[in-house]
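Protein chains: 2
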Amino acid sequence: MKLYNYFRSSASFRVRIALELKGLPYDYVPVHLVKGEHKQPAYAAVSPPRLVPTLVTDAQDRLGQSMAIIEYLDEVYPQPPLLPSEATARAKVRALAQLIACEIHPLNNLRVLKYLVREMGVSDDNKNAWYRHWVRTGLEAFEAELAQLPPSTFCYGDTPTLADCCLVPQIFNGQRFNVDLSGLTRTMAAFDACMELPEFQRAQPSSCPDNEA
Amino acid sequence: MKLYNYFRSSASFRVRIALELKGLPYDYVPVHLVKGEHKQPAYAAVSPPRLVPTLVTDAQDRLGQSMAIIEYLDEVYPQPPLLPSEATARAKVRALAQLIACEIHPLNNLRVLKYLVREMGVSDDNKNAWYRHWVRTGLEAFEAELAQLPPSTFCYGDTPTLADCCLVPQIFNGQRFNVDLSGLTRTMAAFDACMELPEFQRAQPSSCPDNEA
Numbered sequence: 001m002k003l004y005n006y007f008r009s010s011a012s013f014r015v016r017i018a019l020e021l022k023g024l025p026y027d028y029v030p031v032h033l034v035k036g037e038h039k040q041p042a043y044a045a046v047s048p049p050r051l052v053p054t055l056v057t058d059a060q061d062r063l064g065q066s067m068a069i070i071e072y073l074d075e076v077y078p079q080p081p082l083l084p085s086e087a088t089a090r091a092k093v094r095a096l097a098q099l100i101a102c103e104i105h106p107l108n109n110l111r112v113l114k115y116l117v118r119e120m121g122v123s124d125d126n127k128n129a130w131y132r133h134w135v136r137t138g139l140e141a142f143e144a145e146l147a148q149l150p151p152s153t154f155c156y157g158d159t160p161t162l163a164d165c166c167l168v169p170q171i172f173n174g175q176r177f178n179v180d181l182s183g184l185t186r187t188m189a190a191f192d193a194c195m196e197l198p199e200f201q202r203a204q205p206s207s208c209p210d211n212e213a
Numbered sequence: 001m002k003l004y005n006y007f008r009s010s011a012s013f014r015v016r017i018a019l020e021l022k023g024l025p026y027d028y029v030p031v032h033l034v035k036g037e038h039k040q041p042a043y044a045a046v047s048p049p050r051l052v053p054t055l056v057t058d059a060q061d062r063l064g065q066s067m068a069i070i071e072y073l074d075e076v077y078p079q080p081p082l083l084p085s086e087a088t089a090r091a092k093v094r095a096l097a098q099l100i101a102c103e104i105h106p107l108n109n110l111r112v113l114k115y116l117v118r119e120m121g122v123s124d125d126n127k128n129a130w131y132r133h134w135v136r137t138g139l140e141a142f143e144a145e146l147a148q149l150p151p152s153t154f155c156y157g158d159t160p161t162l163a164d165c166c167l168v169p170q171i172f173n174g175q176r177f178n179v180d181l182s183g184l185t186r187t188m189a190a191f192d193a194c195m196e197l198p199e200f201q202r203a204q205p206s207s208c209p210d211n212e213a
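Line order of the protein sequences matches chains U and V.
For the first sequence, the numbering used here begins at 1 and goes up steadily by one.
For the second sequence, the numbering used here begins at 1 and goes up steadily by one.
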């Protein structure tokens, strides 16, 4: 398999985690978002919407959207599972993942922040306030949801799931922008449990071949 | 089952479509977003993140996040299926759904538009330009993805899927804000095919008991 991705992209990071948890080798193809490489015609042939990540499967299918890719990996390579087996539990894990992927991350990705500054003339201070507002309120909602669940090592249960694949990149992102992460007890406990695992370490931006930090 | 929702909420509309397509009866519980009913303590007991929709299952489980709810419905009530049976095809449908639910809708929901105006002092004109920009560029990406797929009546294949459940509310929303929808040939053909079905008609905002239009 081949993964078109960018070391700092949260959505790319989610898929790298899933590939590592599944123990699946892949070719890492860097797409430099800040240099706009995803907007080049060559990349449109890989990803018509010109987004990262794109997974090219062994059958040469091109798959986009990180959560859809992770569900695909979980269906085709079921061990270890990244979703529980029971329907209600699966819904809970998917909802946690979507609380991040649909409620927090879309507001804070590179093209949105650029649009605020370049097209709407928003100041850097206001842009940063916007960023921190959505991450903080989003993670408070995530914590409120976790607080309703039985005690667990990870977001849901005692093995990492799709929810942890989404949480960890969001926390990295929040830390980079100095978001207040205090009081998010269960959220940060799940994050810490993830980061003790070599699979999460290998997937993180500083481990990527295109890392510039 | 019971669905806490709001007639004009796109995420609520997605779930109403899925319930109609499955032929599942449900109690409609309105939550008035504009009046802030979702922020009341009573609703936090239903939805800790205070979002709509929330589905309360027959077993009294509370499920949030529209795509997670629709996947749950598809697993527990498999007929008619809202996802294809083969893994790559499932990934394609989920990616289409997520192109809307993760790339377009989060930028344009009520709380985001409110924040732009109230907290960032953005003018109404700039707010509307922001809205139209993300819907138009997002739907162009959606159209580019559809253009790679074999001919079909709906977004993917000849029966409605999760992708159509997400597309139709987004088009309603775009029409309401006068977004330019020209040139989106396959996207609008899928939308039109959906709207010929009574299930989509019954789910639409003007059919809801809390409709104010």
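Quick reminder that beta carbons are idealized off the backbone N, C-alpha and C, glycines included.
Remember, predicted model here, so these are calculated numbers, not experimental data.
**OP:** Measure from the alpha carbon of V/L96 to the alpha carbon of each residue in U/L113, U/V15, U/M67 and U/P205, then state which is nearest.
**Re:** Position 96 of the second sequence, counted from the first residue, corresponds to residue 96 of chain V. That would be U/M67, whose Cα lies nearest to the Cα of V/L96.
**OP:** Pull up the CB-CB distance for U/S9 and U/V46, whole angstroms please, since I reckon it's below 8 Å.
**Re:** Counting from 1 along the first sequence, the entry for residue 9 of chain U is found at position 9. Counting from 1 along the first sequence, the entry for residue 46 of chain U is found at position 46. About 15 Å; that fails the 8 Å criterion.
Original post:
For V/R62, which of helix, strand or coil comes out of DSSP?
Top reply: As a position in the second sequence, residue 62 of chain V is number 62, starting the count at 1. V/R62 falls in the strand class under three-state DSSP.
Original post:
Taking one C-beta from the segment 192-206 of chain U and one from the segment 12-28 of chain U each time, how about it: are there three or more such pairs within less than 8 Å?
Top reply: Segment contact: the segment 192-206 of chain U against the segment 12-28 of chain U, three or more CB-CB distances shorter than 8 Å; contact assigned.
**OP:** List the whole-angstrom C-beta distance separating V/A141 from U/P25, where the pair is believed to meet the contact cut-off of C-beta under 8 Å.
**Re:** One-based indexing of the second sequence puts residue 141 of chain V at position 141. One-based indexing of the first sequence puts residue 25 of chain U at position 25. About 30 Å; that fails the 8 Å criterion.
**OP:** Starting from V/V112, follow the beta strand (DSSP E) in both directions and report where the run begins and ends.
**Re:** Locating residue 112 of chain V in the second sequence gives position 112, counting from the first residue. Premise fails: V/V112 lies in the alpha helix (DSSP H), L110 to R118, not in any beta strand (DSSP E).
Original post:
Going along chain V in order, which residues have a C-beta closer than 8 Å to the C-beta of U/L107?
Top reply: One-based indexing of the first sequence puts residue 107 of chain U at position 107. Simply P106, L107 and V112.
**OP:** Could you pull out every residue in the same chain whose Cβ sits closer than 7 Å to the Cβ of V/D58, ignoring the five residues on either side in sequence?
**Re:** Within the second sequence, residue 58 of chain V is the residue found at index 58, counting from 1. Cβ within range, chain order: M1.
Subject >> Cβ pair count under 8 Å reaching 3, the segment 89-105 of chain V against the segment 126-133 of chain U >> reply: no
Subject >> CB contact below 7 Å: U/M120 versus chain V >> reply: Position 120 of the first sequence, counting from 1, holds the residue named residue 120 of chain U. Closer than 7 Å: yes.
Original post:
Taking all protein chains shown into account, do 16 or more other C-beta atoms lie within 10 angstroms of the C-beta of U/Q40, making it buried, or fewer, making it exposed?
Top reply: Working through the first sequence from its first residue, we reach residue 40 of chain U at position 40. Exposed.
Subject >> Three CB pairs or more closer than 8 Å across the segment 29-43 of chain V and the segment 63-79 of chain V >> reply: Verdict: no, contact absent.
Original post:
According to DSSP, is U/K2 helix, strand or coil?
Top reply: The residue you call residue 2 of chain U lines up with position 2 of the first sequence. U/K2 falls in the strand class under three-state DSSP.
Original post:
Do you know how far the Cα of V/R111 is from the Cα of V/A11?
Top reply: The sequence position of residue 11 of chain V within the second sequence is 11, counting from 1. The sequence position of residue 111 of chain V within the second sequence is 111, counting from 1. Approximately 14 Å between the Cα atoms of the pair.
Original post:
Using a beta-carbon distance cut-off of less than 9 Å, what residues from the segment 92-105 of chain U approach chain V?
Top reply: K92, V93, R94, A95, L96, A97, Q98, L99, A101, C102, E103, I104 and H105
Original post:
Using the beta-carbon of each residue, which ones in chain V are nearer than 9 Å to U/R90?
Top reply: Translated into positions along the first sequence, residue 90 of chain U becomes position 90. Within chain V, the residues near U/R90 are A68, E71, Y72 and E75.
Original post:
Is it true that the CB of U/L184 sits closer than 7 Å to the CB of U/L216?
Top reply: One cannot answer for residue 216 of chain U here, as it falls past the ends of chain U, which runs 1 to 213.
Original post:
According to the neighbour-count rule (16 or more other Cβ atoms, all chains shown, within 10 Å of its Cβ), is V/E212 buried or exposed?
Top reply: Looking up residue 212 of chain V in the second sequence gives position 212. Classification of V/E212: exposed, given that the 10 Å Cβ count is below 16.
Original post:
For V/L55 versus V/L3, is the C-beta spacing smaller than 7 Å?
Top reply: Walking along the second sequence from the start, residue 55 of chain V turns up at place 55. Walking along the second sequence from the start, residue 3 of chain V turns up at place 3. Yes. Within cutoff.
Subject >> Secondary structure of V/T153, DSSP reduced to three states >> reply: Taking the first residue of the second sequence as position 1, residue 153 of chain V is located at position 153. It is coil, neither helix nor strand.
Original post:
Taking Cβ positions only, does V/P48 come closer than 7 Å to chain U?
Top reply: Residue 48 of chain V sits at position 48 when you count from the first residue of the second sequence. Taking Cβ atoms only, chain U reaches closer than 7 Å to V/P48, which makes this a yes.
Original post:
Closest Cβ-Cβ distance between U/A190 and chain V: below 7 Å?
Top reply: Here residue 190 of chain U refers to the residue found at position 190 when the first sequence is read from its first residue. Not an interface residue.
Subject >> Proximity to V/C194 [Cα-Cα], best of V/D164, V/R14, V/A44 and V/I70 >> reply: Numbered from 1 along the second sequence, position 194 holds the residue referred to as residue 194 of chain V. The option with the nearest alpha carbon to V/C194 is V/D164.
Subject >> V/T54, DSSP secondary structure in three states >> reply: Along the second sequence, one-based indexing puts residue 54 of chain V at 54. Strand, per DSSP.
Original post:
What span of residues does the beta strand (DSSP E) with V/D27 cover, start to end?
Top reply: Within the second sequence, residue 27 of chain V is the residue found at index 27, counting from 1. Looking at the DSSP string, the run of the beta strand (DSSP E) that includes V/D27 is D27 to P30.
**OP:** Out of V/R176, V/Y77 and V/Y43, point me to the one whose CA is closest to V/S206's CA.
**Re:** Indexing the second sequence from 1 puts residue 206 of chain V at position 206. Nearest C-alpha to V/S206: V/R176.
Original post:
If you run the structure through DSSP and keep just helix, strand and coil, what is V/Y43?
Top reply: Within the second sequence, residue 43 of chain V is the residue found at index 43, counting from 1. DSSP places V/Y43 in helix when its eight states are reduced to three.
Original post:
Alpha carbon to alpha carbon, how far is U/N126 from V/M120?
Top reply: Translated into the one-based positions of the first sequence, residue 126 of chain U becomes position 126. Translated into the one-based positions of the second sequence, residue 120 of chain V becomes position 120. So the two alpha carbons sit approximately 7 Å from each other.
Subject >> CB contact below 7 Å: V/L149 versus chain U >> reply: Walking along the second sequence from the start, residue 149 of chain V turns up at place 149. Not closer than 7 Å to any Cβ of chain U, the Cβ of V/L149 fails to qualify, so no.
Original post:
Can you round the beta-carbon distance between V/G273 and V/P84 to whole angstroms, since I take them to be within the 8 Å contact cut?
Top reply: Residue 273 of chain V lies beyond the stretch modelled for chain V, which goes from 1 to 213, so this question has no answer here.
Original post:
Residues of chain V with a CB under 8 Å from the CB of U/T57: which are they?
Top reply: Within the first sequence, residue 57 of chain U is the residue found at index 57, counting from 1. T88, listed in chain order.
Original post:
Of all the CB atoms in chain U, is at least one closer than 7 Å to the CB of V/E145?
Top reply: Taking the first residue of the second sequence as 1, we reach residue 145 of chain V at position 145. Chain U, which has a Cβ nearer than 7 Å to the Cβ of V/E145, makes this yes.
Subject >> Distance between U/Y6 and V/A70 (C-alpha atoms, nearest Å) >> reply: In the second sequence, counting from the first residue as 1, residue 70 of chain V sits at position 70. In the first sequence, counting from the first residue as 1, residue 6 of chain U sits at position 6. Reading the sequence as shown, one finds Ile at residue 70 of chain V and not Ala. Distance between the alpha carbons of V/I70 and U/Y6 is about 31 Å.
Original post:
Is U/V135 helix, strand or coil when you go by DSSP?
Top reply: Stepping through the first sequence from its first residue, residue 135 of chain U is reached at position 135. In the structure shown, U/V135 sits in a helix (DSSP, three-state: H, G or I).
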